[in-house]
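J.:
Structure (structure tokens):
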């Protein structure tokens with residue numbers, strides 16, 4: 035067998051396959067055609083609507099012309115003002131005045147006449163600070179309720195000897211009116227000084243000194259006389 039004879043069976047096989055494919059395609063088309071026709075038959079036609087254009091709106095009516103009117107006259111005032119009549123003043127009795135220029139007035143402190151400049155205000159002295167009032171002081175005085183206790187007992191030895199004398203003491207009076215300290219300044223006899231010191235510390239009473247009404251301690255010097263009555 036030649037080479038040409040070997041190729042013939044192969045060509046016939048391909049031709050047969052092609053024929054079968056064409057027949058299968060035609061058969062499929064025939065089978066599917068009724069379904070396509072049915073699908074087309076289901077389509078509903080669209081109704082056409084004739085759209086007419088709207089009528090244009092009517093033109094606006096012309097505005098009425100307003101006739102110009104004259105403004106109303108102003109209302110008359112309720113109260114008419116009275117006319118002012120100027121009355122010339124009578125001439126004053128006195129020296130005639132001259133139209134000649136007057137001399138410059140007296141100079142004012144802080145102002146320079148003529149020219150330009152700045153007015154300097156006069157210097158104002160500072161207001162002095164008020165001085166506080168001095169405090170009100172009152173000295174201590176003996177309390178009259180204890181006046182009978184002022185005189186010390188007479189020293190017995192000096193009484194027997196008929197010795198008279200004095201004793202001057204300086205006492206510190208506290209805010210309570212009691213004597214808290216005694217200093218003998220002078221005494222005719224030391225016994226007179228000791229007797230006065232004891233009496234002042236135990237019996238003397240005072241109305242204390244005050245400073246603006248407040249009791250304060252103060253010193254006071256007193257003299258006691260020792261005399262023998264007949």
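Residue numbers (our numbering): 35 to 264.
Note that beta-carbon positions come from the ideal geometry of N, C-alpha and C, so glycine has one too.
Quick one: what's got a C-beta closer than 7 Å to residue 184's C-beta in the same chain, skipping five residues either side?
T.: For the purposes of this step, residue 184 is taken as residue 150 along the chain shown, with counting starting at 1. Within the same chain, residue 184 has close Cβ partners 176, 238.
J.: State the Cα-Cα distance for the pair residue 70 and residue 92, rounded to the nearest angstrom.
T.: As a first step, residue 70 is located in the chain shown; it is residue number 36 there, counting from the start. As a first step, residue 92 is located in the chain shown; it is residue number 58 there, counting from the start. Any reading at residue 70 must be qualified, since the residue scores a pLDDT of 45, below 50, and its modelled position is unreliable; the value itself is stated next. If you take the alpha carbons of residue 70 and residue 92, they lie about 56 Å apart.
J.: Just verifying my parser: in three-state terms, what is the DSSP assignment at residue 157?
T.: Taking the chain shown and counting its residues from 1, the one referred to as residue 157 is at position 123. DSSP places residue 157 in coil when its eight states are reduced to three.
J.: Measure the C-alpha to C-alpha separation of residue 74 and residue 56 and round it to an integer number of angstroms.
T.: As a first step, residue 74 must be located in the chain shown, where it is residue number 40. As a first step, residue 56 must be located in the chain shown, where it is residue number 22. Interpretation of residue 74 is limited by its pLDDT of 44, a score under 50 that renders its predicted location unreliable; the figure taken from the coordinates is listed afterwards. About 26 Å.
J.: Compute the Euclidean distance between the alpha carbons of residue 154 and residue 166, then round it to the nearest angstrom.
T.: Here the question's residue 154 lines up with position 120 in the chain shown. Here the question's residue 166 lines up with position 132 in the chain shown. Cα to Cα, the separation comes out at about 35 Å.
J.: Would you list the one or two residues that DSSP bridges to residue 194?
T.: As a working mapping, residue 194 is identified with position 160 in the chain shown. The partner list for residue 194 (beta bridge, DSSP) is empty, contrary to what the question assumes.
J.: Could you tell me which of 179, 156, 221, 217 sits nearest to residue 258, measuring between CA atoms?
T.: To locate residue 258, count along the chain shown from 1; it is residue 224. Nearest of 179, 156, 221, 217 to residue 258, Cα basis: 221.
J.: Output yes or no for whether 8 Å exceeds the beta carbon distance between residue 242 and residue 174.
T.: The sequence position of residue 242 within the chain shown is 208, counting from 1. The sequence position of residue 174 within the chain shown is 140, counting from 1. Going by C-beta atoms, residue 242 is nearer than 8 Å to residue 174.
J.: Skipping 5 residues on each side, what residues in its chain have a beta carbon closer than 7 Å to that of residue 216?
T.: Here residue 216 is taken as the residue at index 182 of the chain shown, counted from 1. If we look at residue 216 and ignore the five residues flanking it on each side, its Cβ neighbours are 203, 205, 231, 234, 235.
J.: Return the chain-ordered list of same chain residues with a C-beta closer than 7 Å to the C-beta of residue 214, the five sequence neighbours on each side being excluded.
T.: Position 180 of the chain shown, counted from the start, is the residue given in the question as residue 214. Result list for residue 214: 206, 208, in chain order.
J.: Identify which residue in 160, 210, 198 has its Cα closest to the Cα of residue 261.
T.: Here residue 261 corresponds to residue number 227 of the chain shown, with the count starting at 1. It is 198.
J.: Taking C-beta to C-beta, are residue 218 and residue 201 nearer than 8 Å?
T.: Position 184 of the chain shown, counting from 1, holds the residue named residue 218. Position 167 of the chain shown, counting from 1, holds the residue named residue 201. Yes, Cβ-Cβ distance for residue 218 and residue 201 is below 8 Å.
J.: Near residue 77, what residues of its chain come up, given a Cβ to Cβ distance below 7 Å and the 5 sequence neighbours on each side ignored?
T.: What you label residue 77 is simply residue 43 of the chain shown in a count that begins at 1. The predicted position of residue 77 is uncertain, since its pLDDT is 49 and thus under 50; a value taken from the coordinates is nonetheless stated next. Excluding residues within five positions, none has a Cβ falling inside 7 Å.
J.: With distances taken between CB atoms, is the gap from residue 246 to residue 164 smaller than 8 Å?
T.: Translated into the one-based positions of the chain shown, residue 246 becomes position 212. Translated into the one-based positions of the chain shown, residue 164 becomes position 130. No, the Cβ-Cβ distance between residue 246 and residue 164 is not below 8 Å.
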